[in-house]
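Asks:
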Amino acid sequence: MATTTKLSVLCSFISSPLIDSPPHSLANIPPCFFSPIPRFLTTSFRSSSRFPATKIRKSTRSLTTSSSLAAVMFPGNSVLSDVCAFGVTSIVAFSCLGFWGEIGKRGLLDQKLIRKLVHINIGLVFMLCWPLFSSGIQGALFASLVPGLNIIRMLLLGLGVYHDEGTIKSMSRHGDRRELLKGPLYYALSITSACIFYWKSSPIAIAVICNLCAGDGMADIVGRRFGTEKLPYNKNKSFAGSIGMATAGFLASLGYMYYFASFGYIKDSGGMILRFLIISLASALVESLPISTDIDDNLTISLTSALAGFLLF
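The structure is reproduced here in structure tokens:
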């Protein structure tokens, strides 16, 4: 008798309506079948209400912010952080220049090949250091001092104020110091402008520097090696060189898109990938035109990339 009483009490507890009453159509069904969920079970499901959507969104924003500052040296002192970042980036950039200068001075590689390797290397390495700087205009100005110093260096070398045989050989076509006042100077000016006006939160900066450095550099290297088939409207350019430029510029843009997206500066997407492809194709087309022979292609490629990026982004 006692056992029967305990079982009836237990069954009554399990079948008791705690939240909603059972539908009228189920009123005559015996307890223990299709019964509402007991309180002690519903409590565990409702515990997620402690973390409302607003708090989740705030935590997501804080995570994004912290990831965008991941490479900054001193998050609590932006000036000190940018000064240190400038020092590190300058050492890296001028070490690269010094390395290629020594290669050119020793004649280990063909001078034209060295010149294009410098062309590819310097701008991309410089942009690789951008996450070290703060995200505002202050960081952009500190970063722009690195190619800015190189502009002064090109002017001093080109004007003959001082002489550096290794640098002249690695950055000129024919070993003439006056050549530094054209292509290499335009190159440094383009990178400096992209840094100041667009900075790391803009895909236009990626497009300009990647097509100028990787694209234009590979156009010459691939064109000299495989460029037997010349373009009908410009015998100085080849199909292979133009294809190499568009491919290298696009792949480099893609790589830096994911690189900056990993820090939270930009958001990668399929649409952005397509825009980068269009910009690289447009830059390769302009580079292949005869006008790029009359006007230095460091200018035409940079302006084309910036204009196309402005229209697309």
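Numbering (this note's numbering), first residue to last: 729 to 1041. Note that CB positions come from ideal geometry on N, CA and C, so glycine has one too.
1. Using a 10 Å radius around the Cβ and a threshold of 16 neighbouring Cβ atoms, would you call Gly897 buried or exposed?
2. Return yes when the Cβ of Leu825 is within less than 8 Å of the Cβ of Ile831, no when it is not.
3. Looking only at its own chain, which residues have a Cβ that is under 6 Å from the Cβ of Tyr926, when we skip the five neighbours before and after it?
4. Please identify the residue among Ala922, Ile924, Met882, Gly969 whose C-alpha is closest to the C-alpha of Arg905.
5. Suppose you measure from the CA of Cys857 to the CA of Ile850; what does that come to, to the nearest Å?
6. Return the residue from the list Leu808, Gly835, Val811, Phe854 that minimises the CA-CA distance to Ser823.
7. Do Cys938 and Ser872 come within 8 Å of each other at the CB atom, strictly closer than that value?
8. Could you check where the beta strand (DSSP E) with Lys963 kicks off and where it finishes?
9. Assuming the contact rule is C-beta atoms closer than 8 Å, Ser1011 and Gly943 should be a hit. Round their C-beta distance to whole Å, please.
10. Do the CB positions of Ser863 and Ser929 come within less than 8 Å of each other?
11. Using CA coordinates, which residue listed in Thr817, Gly815, Val846 is at the minimum distance from Phe827?
12. At which residue ranges does the region 914-955 contain complete alpha helix (DSSP H) runs of 4 or more residues, listed in the order of the chain?
13. Buried or exposed for Asn1026, please, with buried defined as at least 16 other CB atoms from any protein chain shown within 10 angstroms of its CB.
14. Just to confirm, are Gly894 and Lys844 a CB contact at a threshold of 8 Å?
15. For the alpha helix (DSSP H) that His847 lies in, which residues bound it at each end?
16. Using only CA atoms, which one of Phe814, Asn878, Ile819 lies nearest to Ala868?
17. Mark Ile1019 as exposed unless 16 or more other C-beta atoms lie within 10 angstroms of its C-beta, in which case mark it buried.
18. Rank Leu940, Ser818, Leu1013 by C-alpha distance to the C-alpha of Tyr915 and give the top, closest one.
19. Between the Cα of Gly693 and the Cα atoms of Glu907, Ser918, Ile848, Phe1041, which residue gives the shortest distance?
20. Beta-carbon within less than 7 Å of Ala1034's beta-carbon, same chain only, minus the 5 sequence neighbours each way: which residues are those?
21. Please state the DSSP three-state secondary structure of Leu1027.
22. In this structure, does DSSP put Thr733 in helix, strand or coil?
23. Where do the N-terminal and C-terminal ends of the alpha helix (DSSP H) with Glu893 fall, by residue?
24. In the structure shown, what three-state DSSP assignment does Lys910 receive?
25. Roughly how many whole angstroms lie between the Cα atoms of Met899 and Phe988?
26. Can you give me the start and stop residues for the alpha helix (DSSP H) that Met882 sits inside?
27. Candidates Ile879, Gly886, Gly955, Met985: which alpha carbon is nearest Glu907's?
28. Using the DSSP secondary-structure output, state which residues sit across from Lys833 in a beta bridge.
29. Does the separation of the CB atoms of Leu1009 and Ala976 fall below 8 Å?
30. Among Leu860, His902, Met985, Ser818, which one has its Cα closest to the Cα of Pro803?
Replies: The structure says:
1. In the sequence shown, counting from the first residue as 1, residue 897 sits at position 169. For the record, residue 897 in the displayed sequence is Lys; it is not Gly. When all chains shown are included, Lys897 counts as buried.
2. In the sequence shown, the residue the question calls residue 831 occupies position 103. In the sequence shown, the residue the question calls residue 825 occupies position 97. No, the Cβ-Cβ distance between Ile831 and Leu825 is not below 8 Å.
3. As a working mapping, residue 926 is identified with position 198 in the sequence shown. Same-chain partners within the cutoff: Ile932, Ala933.
4. Along the sequence shown, read from residue 1 onward, the residue named residue 905 stands at position 177. Looking at the Cα atoms, Met882 is the closest of the given residues.
5. Counting from 1 along the sequence shown, the entry for residue 857 is found at position 129. Counting from 1 along the sequence shown, the entry for residue 850 is found at position 122. Those two C-alpha atoms are separated by around 11 Å.
6. Numbered from 1 along the sequence shown, position 95 holds the residue referred to as residue 823. Nearest option by C-alpha distance: Phe854.
7. Along the sequence shown, read from residue 1 onward, the residue named residue 872 stands at position 144. Along the sequence shown, read from residue 1 onward, the residue named residue 938 stands at position 210. No, they are not a contact pair.
8. Residue numbering aside, residue 963 sits at position 235 when the sequence shown is read from its first letter. 962-966 is the extent of the beta strand (DSSP E) around Lys963.
9. Position 283 of the sequence shown, counting from 1, holds the residue named residue 1011. Position 215 of the sequence shown, counting from 1, holds the residue named residue 943. Rounded, the Cβ-Cβ distance is 6 Å, consistent with contact.
10. On the sequence shown, position 135 is the one that residue 863 refers to. On the sequence shown, position 201 is the one that residue 929 refers to. Cβ atoms of Ser863 and Ser929: closer than 8 Å.
11. Working through the sequence shown from its first residue, we reach residue 827 at position 99. When each option's Cα is compared against that of Phe827, the closest is Val846.
12. 931-938, 944-954
13. Walking along the sequence shown from the start, residue 1026 turns up at place 298. Classification for Asn1026: buried.
14. Here residue 894 refers to the residue found at position 166 when the sequence shown is read from its first residue. Here residue 844 refers to the residue found at position 116 when the sequence shown is read from its first residue. Contact flag unset, no.
15. Locating residue 847 in the sequence shown gives position 119, where the first residue counts as 1. That run of the alpha helix (DSSP H) goes 839-856.
16. Taking the first residue of the sequence shown as 1, we reach residue 868 at position 140. The option with the nearest alpha carbon to Ala868 is Phe814.
17. As a working mapping, residue 1019 is identified with position 291 in the sequence shown. Classification of Ile1019: exposed, given that the 10 Å Cβ count is below 16.
18. Start at 1 with the first residue of the sequence shown, and residue 915 comes out as number 187. Per the Cα distances, Leu940.
19. Look at the range of the chain in this structure, 729 to 1041, and you will see that residue 693 is not part of it.
20. As a position in the sequence shown, residue 1034 is number 306, starting the count at 1. Closer than 7 Å at the Cβ level, and outside the excluded window around Ala1034, lie Ile932, Val936.
21. Position 299 of the sequence shown, counting from 1, holds the residue named residue 1027. In the structure shown, Leu1027 sits in a helix (DSSP, three-state: H, G or I).
22. The residue labelled residue 733 in the question sits at position 5 within the sequence shown. In this prediction, Thr733 has a pLDDT of 49, which is less than 50 and means its spatial position is unreliable; nothing more can be read from the coordinates.
23. Along the sequence shown, one-based indexing puts residue 893 at 165. Segment 893-899, the alpha helix (DSSP H) holding Glu893.
24. As a position in the sequence shown, residue 910 is number 182, starting the count at 1. The answer is coil: DSSP assigns Lys910 none of H, G, I, E or B.
25. Within the sequence shown, residue 899 is the residue found at index 171, counting from 1. Within the sequence shown, residue 988 is the residue found at index 260, counting from 1. Approximately 29 Å, taken between the alpha carbons.
26. Walking along the sequence shown from the start, residue 882 turns up at place 154. 865-886 is the span of the alpha helix (DSSP H), which, as asked, contains Met882.
27. For the purposes of this step, residue 907 is identified with residue 179 of the sequence shown, where counting begins at 1. Of the candidates Ile879, Gly886, Gly955, Met985, the one whose C-alpha sits nearest the C-alpha of Glu907 is Gly886.
28. What you label residue 833 is simply residue 105 of the sequence shown in a count that begins at 1. Paired residues: none, contrary to the question.
29. The residue labelled residue 1009 in the question sits at position 281 within the sequence shown. The residue labelled residue 976 in the question sits at position 248 within the sequence shown. No, the Cβ-Cβ distance between Leu1009 and Ala976 is not below 8 Å.
30. Taking the sequence shown and counting its residues from 1, one reaches residue 803 at position 75. Ranking Leu860, His902, Met985, Ser818 by Cα distance to Pro803 puts Leu860 first.
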